[in-house]
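First the structure, in the form of structure tokens, and then the observations on it.
Residue numbers (the numbering used here): 63 to 434.
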């Protein structure tokens with residue numbers, strides 16, 4: 063009989079650390095799970111749990127499929143000219159090594175252009191040690207990635223979806239958090255030599271309002287690459303590449319309604335279907351980020367994203383925001399999903415995010431339950 067989802071806390075927010083999140087995971091050879099996540103610090107600048115708050119990257123391990131976790135160990139801290147270590151990504155490569163990607167913020171100030179560097183390094187010993195980092199890009203002007211964003215194509219090419227923000231780092235507060243000076247375009251970086259050198263794509267994907275944010279990608283059965291994007295248009299939008307992420311088609315709606323919230327796209331190796339994790343919520347411009355980030359939903363497609371016949375909710379509490387998912391599918395047929403959870407300050411119009419306390423939670427989902 064299929065087992066219903068298990069929900070656990072990985073780390074609860076506190077005054078000292080108001081946010082735990084931005085996590086990614088990889089299953090190691092011994093069956094344990096290695097997690098790398100952001101640890102946000104309390105700041106004198108009253109940034110709370112915001113994206114502009116100072117943060118380290120820390121590691122944790124689980125030997126029971128994610129139900130319990132070790133104490134965290136500091137993996138990376140900002141240097142003298144850096145403000146935050148951010149958005150880790152982990153990927154098991156076809157040659158068995160593990161690729162790590164992360165970002166270092168040099169400048170991230172509300173309503174100003176930001177500067178970020180991104181790095182990649184490799185582990186040949188199951189995340190015990192990593193090679194010296196190689197720059198994917200250095201001190202970019204408004205270029206950034208996202209967590210859980212690495213994919214290796216059947217050709218061996220490694221692809222990272224990216225955003226280039228045209229305007230300032232964050233928008234002024236207001237109805238729906240819209241600012242015409244702040245828009246994002248989506249693209250990719252890719253490597254054909256296991257992360258030693260990197261190249262940017264030929265074109266970016268554009269959409270109105272705040273644009274294309276936090277893109278995620280997956281290779282389709284016919285060799286194309288599919289990208290899904292967070293938008294302010296009431297739906298997840300998608301774009302396709304016929305050349306391994308070097309160029310991208312004009313975007314189109316996926317047909318799935320969603321607020322402005324980060325999705326996750328991946329393949330289920332046991333069935334070869336696509337798995338999408340997102341917020342199955344109505345567009346509402348009076349709420350922060352254009353809608354409530356609940357329920358927290360899984361959708362499955364057996365036809366390369368044309369239709370999403372299976373939809374199941376992980377969490378449904380309307381007073382909570384569930385966002386920034388990362389997931390792995392383990393050898394014991396579980397989808398393990400890490401995500402951030404924060405209680406809304408108000409559900410009355412205009413709805414307001416809480417964001418003073420952002421916890422890191424984890425769901426363990428039996429694949430048989432997903433398909434039941």
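Where is the CB? At the ideal position from N, CA and C, for every residue including glycine.
Keep in mind the model is a prediction, meaning the values are calculated, not measured.
Beta bridge pairing from DSSP links residue 147 with 166. Of all C-beta pairs linking the region 368-375 to the region 300-314, fewer than three are shorter than 8 angstroms, placing the two stretches out of contact. Collapsing the DSSP output to three states places residue 118 in a strand. Residue 328 is a Cβ neighbour of residue 280, given a cutoff of 9 angstroms. Pairing residue 431 with residue 403 gives a Cβ-Cβ distance that is not under 9 angstroms. In the DSSP assignment, residue 327 falls outside any alpha helix (DSSP H) and within the unbroken beta strand (DSSP E) covering 326-330. Nearest to residue 185 by C-alpha distance, out of 151, 81 and 174, is 151.
Rounded to the nearest whole angstrom, the C-alpha separation of residue 213 and residue 221 is 5 angstroms. Distance from the Cα of residue 104 is smallest, within the candidate group 189, 78 and 95, for 78. Annotation: residue 113 to residue 180 spans about 16 angstroms, alpha carbon to alpha carbon.
Apart from sequence neighbours up to five positions away, the residues of its chain that approach residue 335 with a beta-carbon distance below 8 angstroms are 329, 362, 363 and 364, ordered along the chain. The continuous alpha helix (DSSP H) containing residue 432 extends over residues 429-433. The beta carbon of residue 434 sits closer than 6 angstroms to the beta carbons of 64 from its chain, once the five residues preceding and following it are set aside; these are given in chain order. Straight across, the Cα-Cα distance linking residue 84 with residue 380 is about 22 angstroms. Rounded to the nearest whole angstrom, the C-alpha separation of residue 210 and residue 102 is 18 angstroms. Burial state of residue 411 is exposed, judged by a 10 Å Cβ sphere holding fewer than 16 other Cβ atoms.
Here residue 406 carries a coil assignment [DSSP, helix/strand/coil].
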